[in-house]
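>
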Amino acid sequence: MIKRFVIGLLAVASFQFASAQSDDFGYELSVAGETKLYRGLKLEIEGSMRTQDDAERIDRFVVGAGLSYRLYQTLDKRFSVKASAGFDYMWTYRLAETEIKTDNYVLEADNSITYAYNETDSYWRNRHRTNVGLSLSYAPNKRWSFGLKETLQYTHFCNVDSIGRTKWRFNDDDELYSRFDPTSKGHKDQTILRSKFSVSYDIKGIPIDLFASVEYGCGLNYTANKWKFTGGYDYKINKQNKLSLYYRYNTENDDDEVNGHMVGLGYKIDF
């Protein structure tokens, strides 16, 4: 079972890498804690960091908290329904960008084209995110578990003032010259519906659970189609402590996020 899962995961990773050589790569580290407040009610807190630009630069820092409540469970505990709500605050880092101005160019003597362009400096932008969700889980036996979760997610992007920007334009002699022209980013709000299907398998005799999931996000107040494919395993140190190692491929048509590969390591404690 482990061998098949690993081979399948590597095959997916190899296919995605071969078909998207320009995709980014990064890693994610997270620490989370969960505690039972009341029968069926749990509180979870989490902090994480993520890298980008082939893992050379920080992408974001995140802190968050969430509540989940079990609405229904069958007597044999095989089927259950949960409601959840959460809040995250993020510090995200936007890389420097170069924007080509295709409507402003010069035809060189060798018939090549030189375009005018803008250079925008890197900057930090904060955002906060609120979500509510409903999840169904079904465990036909002690080994297999299946889950389906629908999440309504709202994200607010904060204002950013005085972002450095240099405009390169042509003068009357067709020579490029620069002009410093700072810009800014106004606040914006995005709402998206996420649907996630997951499956896990508890390996008999060893403290490892294999898991895989596929998630699709559809923008409600803006155009976005997001896909996340994840596979990995949980290593149960004991009843209170767990380590997770996973691979994820993310692809979407949202300019705010980049397509790419992610390797993650997480630690979770029940207290």
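In terms of our numbering, the sequence shown has 256 at position 232, counting the first letter as 1, and numbering is strictly consecutive.
Where is the CB? At the ideal position from N, CA and C, for every residue including glycine.
From this set, H152, S186, P231, I187, which residue's C-alpha is nearest Y257's C-alpha?
With distances taken between Cα atoms, Y257 lies closest to P231.
> Whose C-alpha, out of R203, C182, V184, is nearest the C-alpha of W192?
When only C-alpha atoms are compared, the closest one is R203.
> What residue does the beta strand (DSSP E) around H180 start on, and which one ends it?
That run of the beta strand (DSSP E) goes 168-181.
> As a quick exercise: from N265, G88, K106, pick the residue whose alpha carbon is nearest that of Y96.
Among N265, G88, K106, the Cα nearest to that of Y96 is on K106.
> Where does F49 fall in DSSP's three states?
Three-state result, F49: strand.
> Does the distance from the CB of R102 to the CB of G64 come in under 7 Å?
Not a contact, by the Cβ cut-off of 7 Å.
> Roughly how many angstroms lie between the CA atoms of L67 and E58, to the nearest whole one?
Whole-angstrom Cα-Cα distance: 6 Å.
> Quick one: residues in its chain with C-beta nearer than 6 Å to the C-beta of E143, no 5 flanking neighbours on either side, listed in chain order?
Hits under 6 Å: T122, T190.
> Pull up the distance between the alpha-carbon of Y62 and that of Y178, whole angstroms please.
Cα to Cα, the separation comes out at about 27 Å.
> Starting from the Cα of T11, find the closest Cα among G110, V156, Y147 and give me that residue.
Given a span of 25 to 295 for the chain in the structure shown, any question on residue 11 remains unanswerable.
> Whole angstroms is fine: what's the gap from F221's alpha carbon to K250's?
Rounded to whole angstroms, F221 to K250 spans 14 Å at the Cα level.
> State the CB to CB distance for the pair R84 and Y117, rounded to an integer number of angstroms; the pair is presumed to be in contact (CB under 8 Å).
Confirmed, Cβ separation roughly 7 Å.
> Name, in chain order, the residues that DSSP records as bridge partners for G64.
According to DSSP, which records beta bridges pairwise, G64 is partnered with nothing at all.
> Helix or strand or just coil, what does DSSP make of F295?
Correct three-state label for F295: coil.
> Under 8 Å Cβ to Cβ from S186, same chain only, skipping five residues before and after it: list those, please.
Here the set comprises P206, S208.
> Buried or exposed for I124, going by 16 or more other Cβ atoms inside 10 Å?
Flag for I124 reads exposed.
> For A140, does the three-state DSSP call read helix, strand or coil?
A140 falls in the strand class under three-state DSSP.
> If we ignore side chains and look at the alpha-carbon of each, how far apart do N155 and E70 end up?
Rounded to the nearest angstrom, the two C-alpha atoms are 15 Å apart.
> Kindly indicate the opening and closing residues of the beta strand (DSSP E) around R94.
Segment 81-97, the beta strand (DSSP E) holding R94.
> Helix, strand or coil, according to DSSP, for I124 in the structure here?
Note: I124 maps to strand in three-state DSSP.
> How would you call G229, buried or exposed, if buried means at least 16 neighbouring beta carbons within 10 angstroms?
Per the 10 Å Cβ criterion, exposed.
> For the beta strand (DSSP E) containing R153, list its first residue and its last residue.
Per DSSP, R153 belongs to the beta strand (DSSP E) from 147-162.
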